[in-house]
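Chains as they are written, first to last, in numbering that gives the first Met the number 0: chain A, 0 to 173; chain B, 0 to 274. Input: a single structure, listed below in structure tokens.
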Amino acid sequence: MSENLLDKVMLESGQPVNLCYQCRKCSAGCPMVDEFDFPPNMVMRMVQLGMKDELLKSKAIWMCVSCETCGSRCPNEIRIAPVMDSLRAQCLKEGVTPADAVTVALHTSFVESIKTFGRVHEATMLMKYKLKSKKYTSDLDVGLKLFLKGKIPIMPNKSKNVAKVKEIFKNAGF
Amino acid sequence: MGETYSYYPGCTSHSTAIEYIEASKAVIEALGIELKELPDWCCCGAASAHNLSSSLALGLSAFNVAEAQKVGADLVIPCAGCYGNLAQADYEMRNNEAERQRLEKEFDFTYDKKIKMLSLVDLLAHEELRPAIRDLVKKPLKGLKVVCYYGCAIVRPGAVTKVDDTENPLRIDSLMTDLGAEVIDWSCKVDCCGGDLGLTDAEKTTELVNKIVDYAVAAEADCLVTSCALCQANVDIRQQRLPILYFSELMAEAFQVGDRQRWWKKHFNNPANLF
Chain A
0 MSENLLDKVM LESGQPVNLC YQCRKCSAGC PMVDEFDFPP NMVMRMVQLG
50 MKDELLKSKA IWMCVSCETC GSRCPNEIRI APVMDSLRAQ CLKEGVTPAD
100 AVTVALHTSF VESIKTFGRV HEATMLMKYK LKSKKYTSDL DVGLKLFLKG
150 KIPIMPNKSK NVAKVKEIFK NAGF
Chain B
0 MGETYSYYPG CTSHSTAIEY IEASKAVIEA LGIELKELPD WCCCGAASAH
50 NLSSSLALGL SAFNVAEAQK VGADLVIPCA GCYGNLAQAD YEMRNNEAER
100 QRLEKEFDFT YDKKIKMLSL VDLLAHEELR PAIRDLVKKP LKGLKVVCYY
150 GCAIVRPGAV TKVDDTENPL RIDSLMTDLG AEVIDWSCKV DCCGGDLGLT
200 DAEKTTELVN KIVDYAVAAE ADCLVTSCAL CQANVDIRQQ RLPILYFSEL
250 MAEAFQVGDR QRWWKKHFNN PANLF
């Protein structure tokens with residue numbers, strides 16, 4: 000089905016990926032490019048060529064922080080951040096092992112917190128993230144300082160309409 | 000003056016950005032503006048929802064836009080990340096017929112295009128408010144050298160944020176000048192601090208933050224001014240060279256309103272010595 004990748008990504012992201020002509024302005028300004036296995040301009044070319052397996056296994060799709068620098072500078076007005084969203088969703092949907100499990104652990108813990116409380120409860124979200132990512136000791140000093148400064152509340156601040164939030168999750172297939 | 004807006008606090012309002020919210024509320028009260036909190040607001044999905052599912056991200060944000068329409072007043076959103084998400088959802092409903100119809104059905108409302116999404120910078124650094132702000136300055140920030148750091152979410156994408164210039168935004172700069180501060184031109188106004196990478200990759204975040212702080216120090220700034228809770232947290236936590244202040248904290252200092260001593264203690268780099 001790799002010949003359909005370009006169409007699928009363009010539909011899901013709403014971005015004219017077919018217009019990319021490899022000026023590389025995106026990669027020149029990307030703050031995360033050193034962490035990518037394929038720089039953003041190459042990701043665009045790989046989408047055009049239908050290189051689905053390589054893309055869904057790539058680190059690049061999980062290292063993009065959606066800062067939108069590339070998109071705001073692209074001469075063809077292609078926003079790459081939504082393109083990355085489409086590729087990430089396909090990676091998860093198709094059961095491909097994500098190249099960066101830690102990032103997925105954070106995002107999963109975060110949305111689970113929203114689903115439970117309607118809003119994020121940092122303390123339980125961070126505990127869940129630590130368990131999922133197995134990064135038990137990283138930044139414990141930062142967490143403790145934030146707690147002592149009153150910035151990580153013990154009690155959750157719940158939405159008054161958690162039922163509606165659960166419905167939004169259900170409608171989105173969660 | 001005397002205007003009323005609907006208000007979306009966002010999850011950081013009761014956690015990492017407490018001082019930002021308290022300062023902003025003190026300043027808004029001084030300006031005679033009223034905020035009505037959306038009663039049922041939920042998390043916008045932050046960076047996590049769109050990383051996993053675009054439709055979940057759009058659903059969570061669009062719900063809050065629909066709630067604001069019920070209140071019937073432009074929505075003020077202090078957190079830059081929340082603003083980016085809600086403005087994006089509003090943009091989708093404004094421009095994407097199919098998505099609008101789907102969301103109208105999901106939230107049982109008719110999108111009327113009348114409500115605007117406003118970042119706190121849109122509200123407080125508005126051209127029309129400048130005379131009122133200058134009048135409220137009791138203690139001008141004379142001699143305070145600041146660099147203004149806009150980050151990503153209130154700036155890009157330009158089609159959504161309608162910002163003056165995505166490479167060189169100026170609204171916080173003008174506001175700081177009105178407060179009497181000395182605004183220094185510098186190179187990292189719209190650079191990324193790493194965003195949610197602050198939670199997953201301390202090393203890379205420190206690298207990005209150090210570059211930003213290097214430029215601010217080279218420009219001889221006394222402090223860095225931001226409007227984003229995630230920028231503030233990342234840049235404040237990952238270095239020990241420079242205080243990182245919210246723009247509304249400096250407004251409160253110039254207006255001499257609010258419990259500023261309490262806010263300064265919430266910073267990793269305590270800014271108390273600057274005043």
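A virtual CB, placed ideally from N, CA and C, is assigned to each residue, including glycine.
ask   = Which residues, taken in chain order from the stretch 135–159 of chain A, show a beta carbon closer than 8 Å to some beta carbon of chain B?
value = Of all residues in the stretch 135–159 of chain A, S137, D138, V141, K144, L145, K148, G149, K150, I151, P152, N156, S158 and K159 have a Cβ within less than 8 Å of some Cβ in chain B.
request  = Count the other CB atoms, across all protein chains shown, that sit within 10 Å of the CB of I27(B); report buried if there are 16 or more and exposed otherwise.
outcome  = The residue labelled residue 27(B) in the question sits at position 28 within the second sequence. Taking all protein chains in view, the Cβ of I27(B) is crowded by 16 or more other Cβ atoms within 10 Å, so the residue is classified as buried.
query = What is the DSSP secondary structure of T176(B), counted as helix, strand or coil?
reply = Translated into positions along the second sequence, residue 176(B) becomes position 177. Reduced to three states, the DSSP call for T176(B) is helix.
ask   = If contact means a Cβ-Cβ distance below 8 Å, which residues of the stretch 263–274 of chain B contact chain A?
value = Within the stretch 263–274 of chain B, K264, K265 and F267 place their CB atoms closer than 8 Å to a CB of chain A, listed in sequence order.
key: Collapsed DSSP secondary structure at E67(A) in the structure displayed   = Here residue 67(A) is taken as the residue at index 68 of the first sequence, counted from 1. If DSSP states are grouped into helix, strand and coil, E67(A) belongs with coil.
key: Within chain B, the residues that L91(A) reaches when beta carbons sit closer than 7 Å   = One-based indexing of the first sequence puts residue 91(A) at position 92. Neighbours of L91(A) on chain B, chain order: L51.
task = With L5(A) as the anchor, note down where its alpha helix (DSSP H) starts and where it stops.
result = Within the first sequence, numbered from 1, the residue matching residue 5(A) stands at position 6. Element bounds for L5(A): L4 to S12.
query = So does the stretch 71–86 of chain B actually touch the stretch 27–43 of chain B, counting three or more Cβ pairs closer than 8 Å?
reply = A contact exists between the stretch 71–86 of chain B and the stretch 27–43 of chain B.
query = What number of angstroms, rounded off, separates the C-alpha of A59(A) from the C-alpha of Y20(A)?
reply = By 1-based counting over the first sequence, the position of residue 59(A) is 60. By 1-based counting over the first sequence, the position of residue 20(A) is 21. Between A59(A) and Y20(A), the C-alpha separation is close to 20 Å.
key: Assigned exposure category for P139(B) - 16 Cβ within 10 Å defines buried   = Taking the first residue of the second sequence as position 1, residue 139(B) is located at position 140. With fewer than 16 Cβ atoms within 10 Å of its Cβ, P139(B) is classed as exposed.
request  = Measure the beta-carbon distance from T205(B) to R155(B) and round it to whole angstroms, keeping in mind my assumption that it falls under 8 Å.
outcome  = Reading the second sequence from its first residue, position 206 is the one you call residue 205(B). Reading the second sequence from its first residue, position 156 is the one you call residue 155(B). With a beta-carbon spacing of about 23 Å, T205(B) and R155(B) fall beyond the 8 Å limit used to define contacts.
task = List the DSSP bridge partners of Y6(B).
result = In the second sequence, the residue the question calls residue 6(B) occupies position 7. The bridge partners DSSP lists for Y6(B) are E36(B) and V75(B).
inquiry  = Quick check on DSSP: helix, strand or coil for T109(B)?
reply    = Position 110 of the second sequence, counted from the start, is the residue given in the question as residue 109(B). For T109(B), the three-state secondary structure derived from DSSP is coil.
inquiry  = Would you call the stretch 201–220 of chain B in contact with the stretch 240–251 of chain B, where contact means no fewer than 3 C-beta pairs closer than 8 Å?
reply    = The stretch 201–220 of chain B vs the stretch 240–251 of chain B: in contact.
query = For N156(A), does the three-state DSSP call read helix, strand or coil?
reply = Within the first sequence, numbered from 1, the residue matching residue 156(A) stands at position 157. Looking at N156(A) - three-state DSSP - the assignment turns out to be coil, as it is neither helix nor strand.
ask   = So G197(B) and L229(B) are in contact, right, with Cβ under 8 Å, and what is the actual spacing, rounded?
value = On the second sequence, position 198 is the one that residue 197(B) refers to. On the second sequence, position 230 is the one that residue 229(B) refers to. Right, the Cβ-Cβ distance comes to about 7 Å (below 8 Å), so this counts as a contact.
query = Any residues in the stretch 28–39 of chain B with a beta carbon nearer than 7 Å to a beta carbon of chain A? Which ones, in chain order?
reply = Those residues of the stretch 28–39 of chain B that come within reach of chain A (Cβ to Cβ, closer than 7 Å) are P38 and D39.
key: F37(A): contacting residues in chain B (beta-carbon distance under 7 Å)   = Position 38 of the first sequence holds residue 37(A). Within chain B, no residue comes near F37(A); the closest Cβ sits about 18 Å away, beyond 7 Å.
ask   = If we call anything under 8 Å between Cβ atoms a contact, is N170(A) one with G117(A)?
value = Along the first sequence, read from residue 1 onward, the residue named residue 170(A) stands at position 171. Along the first sequence, read from residue 1 onward, the residue named residue 117(A) stands at position 118. Against a cut-off of 8 Å, the Cβ pair of G117(A) and N170(A) comes out as no contact.
request  = Mind reading off the beta-carbon distance from L37(B) to A48(B)? Whole number of angstroms is fine, and I expect it under 8 Å.
outcome  = As a position in the second sequence, residue 37(B) is number 38, starting the count at 1. As a position in the second sequence, residue 48(B) is number 49, starting the count at 1. Incorrect: roughly 18 Å between the Cβ atoms, too far for contact.
query = For a contact meaning CB atoms closer than 7 Å, what does E34(A) contact in chain B?
reply = Locating residue 34(A) in the first sequence gives position 35, counting from the first residue. Near E34(A) (Cβ distances below 7 Å), the residues of chain B are K203.
task = In the DSSP assignment, find the alpha helix (DSSP H) that holds V224(B) and state where it starts and stops.
result = Mapped onto the second sequence, residue 224(B) falls at position 225. It is not in any alpha helix (DSSP H) - V224(B) instead sits in the beta strand (DSSP E) that spans C222 to T225.
request  = Show which residues of chain A have a CB atom less than 9 Å away from the CB atom of I236(B).
outcome  = For this step, residue 236(B) is matched to residue 237 along the second sequence. Within chain A, the residues whose beta carbon sits less than 9 Å from that of I236(B) are D138, V141, K144 and L145, listed in sequence order.
key: Selected residue, minimal CA-CA separation from Q14(A), among P81(A), S112(A), Y128(A) and I113(A)   = Within the first sequence, the letter at position 15 stands for residue 14(A). The residue from P81(A), S112(A), Y128(A) and I113(A) with its alpha-carbon nearest to that of Q14(A) is P81(A).
message = Suppose the cutoff is 8 Å on Cβ atoms and the five residues either side in sequence are ignored; what does the same chain contact list for M0(B) look like?
response = The residue you call residue 0(B) lines up with position 1 of the second sequence. A caution first: M0(B) carries a pLDDT of 49, below 50, which makes its placement in the model unreliable, though a value can still be read off. These residues qualify, in order along the chain: L30, G31, I32 and A131.
request  = With 7 Å as the limit, tell me which residues of the stretch 6–21 of chain B have their beta carbon closer than that to any beta carbon of chain A; keep them in chain order.
outcome  = The residues in question are C10, H13, S14, T15 and I17.
Buried or exposed by the 16-neighbour rule on C-beta atoms within 10 Å, applied to K104(B) = Residue mapping note: residue 104(B) aligns to position 105 of the second sequence, counting from 1. By the Cβ-count criterion, K104(B) is exposed, with fewer than 16 other Cβ atoms from all chains shown falling within 10 Å of its own Cβ.
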